[in-house]
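Numbering (the working numbering), first residue to last: 52 to 376.
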């Protein structure tokens with residue numbers, strides 16, 4: 052088969068479409084013939100040499116895919132050759148085929164095209180496990196989403212709105228109309244506005260019950276200030292740096308909680324548990340049309356370098372997909 056390889060870390064042109072060995076399904080695995088995969092920030096970091104795949108994962112980038120089951124390994128039940136699926140991966144999605152633990156498979160939701168389904172697994176599992184499972188977002192609460200125009204952001208906005216929360220999101224002004232259509236009740240232009248002041252203005256000084264943050268260090272202090280009493284801050288990215296200063300007195304006064312999680316490095320059993328939760332609680336919302344994949348554009352997988360440039364420029368809304376013919 053062919054896959055996008057990274058012979059040497061570097062810029063987008065470090066991505067090379069090359070012939071590689073075919074995957075074989077181990078016990079409990081299936082092989083998926085890939086129809087599409089999606090670009091994630093982690094892929095850009097891996098290309099640059101900063102985010103190697105966990106032990107045992109394919110060396111190729113790609114944390115999610117959609118396609119058709121082409122082979123099953125020993126011990127697999129509930130899936131058969133020909134099933135249309137999408138999958139959460141530890142790596143290897145930028146390829147014609149990939150071996151996946153069966154517990155990380157999801158059926159393509161009714162009403163969703165198999166190609167567009169590649170935009171769902173990583174964002175659905177990340178957002179549900181952090182916003183719902185960990186932070187416990189409830190109906191009537193306020194959710195602040197940073198990076199509202201990203202794949203994670205567009206999904207979090209929709210899921211928060213579907214759960215009955217008031218959703219605030221930070222994004223460039225050019226993306227505001229699109230995000231409002233997805234369910235954001237208030238948009239904050241982070242290039243011009245102080246998001247803390249806006250959160251307190253919109254909530255009459257109460258603050259946000261849950262903050263989903265991709266920035267890390269640069270937003271840490273301001274995120275705590277933006278929290279409501281009893282608020283929960285979940286950090287899932289470090290685009291603003293790894294090390295920040297925390298005023299514990301401010302956190303104590305708000306009886307706040309800070310959590311930080313990563314999905315890729317979790318054990319297979321934990322990923323399977325998250326996937327089951329997504330299938331049970333999120334897929335019905337997708338099939339009802341209340342949450343849907345947001346796809347900015349689709350490019351052939353041989354144009355992966357161009358797709359990485361687009362995502363790096365941060366001008367897209369939702370996911371950029373790579374299609375495999």
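By construction, the Cβ of each residue, glycine as well, lies at the ideal position given by its N, Cα and C atoms. Treat the numbers as computed from the prediction; the structure is a model and nothing was measured.
Among the options, nearest to residue i - alpha-carbon criterion
i	options	result
residue 290	283, 269, 153	269
residue 153	101, 169, 77, 107	77
residue 142	359, 107, 100	107
residue 375	82, 56, 118	118
residue 73	258, 90, 116, 150	150
residue 124	79, 249, 147, 155	79
residue 319	273, 267, 302, 139	139
residue 276	306, 135, 293, 228	306
residue 220	308, 235, 122, 226	235
residue 4	292, 257, 122	Outside the shown range of the chain (52 to 376) lies residue 4, about which nothing can therefore be said.
residue 115	336, 238, 322	322
residue 232	200, 254, 253, 255	200
residue 350	136, 228, 371, 336	371
residue 288	302, 300, 218, 271	271
residue 61	94, 84, 228, 81	94
residue 226	217, 239, 218	239
residue 155	81, 292, 286	81
residue 173	313, 335, 338, 339	313
residue 122	136, 339, 300	136
residue 389	84, 109, 83	An answer regarding residue 389 cannot be provided, because it is not within the stretch 52 to 376 covered by the chain.
Close Cβ partners of residue i (< 7 Å) along its chain, the five nearest in sequence each way excluded
i	result
residue 175	206, 329, 333
residue 70	53
residue 178	203, 206, 207, 210
residue 215	190, 191
residue 184	328
residue 251	258
residue 304	none
residue 253	219, 237
Classification of residue i by the beta-carbon crowding that lies within 10 angstroms, buried from 16 upward
i	result
residue 296	exposed
residue 278	buried
residue 280	exposed
residue 89	buried
residue 187	exposed
residue 171	buried
residue 245	exposed
residue 347	buried
residue 105	exposed
residue 92	buried
residue 310	exposed
residue 146	buried
residue 284	buried
residue 86	buried
residue 169	buried
residue 366	exposed
residue 267	buried
residue 294	exposed
residue 157	buried
Proximal residues to residue i (C-beta, below 8 Å), its chain only, five neighbours per side dropped
i	result
residue 242	223, 224
residue 103	97
residue 353	68
residue 59	65
residue 166	86, 87, 117, 349, 372, 374
residue 230	199, 200, 204, 205, 208, 220, 222, 238, 368
residue 182	188, 194, 207, 210, 211, 261, 263, 285
Paired residues, beta bridge with residue i - DSSP
i	result
residue 117	87, 137
residue 55	68
residue 370	346
residue 221	239
residue 283	261, 308
residue 151	81
residue 123	81
residue 194	218, 261
residue 351	374
residue 278	259
residue 157	137
residue 146	54
6 Å Cβ shell around residue i - same chain, five flanking residues per side excluded
i	result
residue 345	205, 369
residue 341	213
residue 63	356, 359, 360
residue 273	247
residue 66	55, 355, 356
residue 75	none
residue 316	105
residue 325	176, 180
residue 112	94, 97, 145
residue 302	275
Any contact of the stretch 259 to 276 with the stretch 196 to 203, i.e. 3+ C-beta pairs under 8 Å? yes
Assess contact between the stretch 92 to 102 and the stretch 127 to 136, defined as three or more Cβ pairs (one per stretch) separated by less than 8 Å. Is contact present? no
Within the chosen definition, does the stretch 358 to 366 reach the stretch 156 to 164 through at least 3 CB pairs nearer than 8 Å? no
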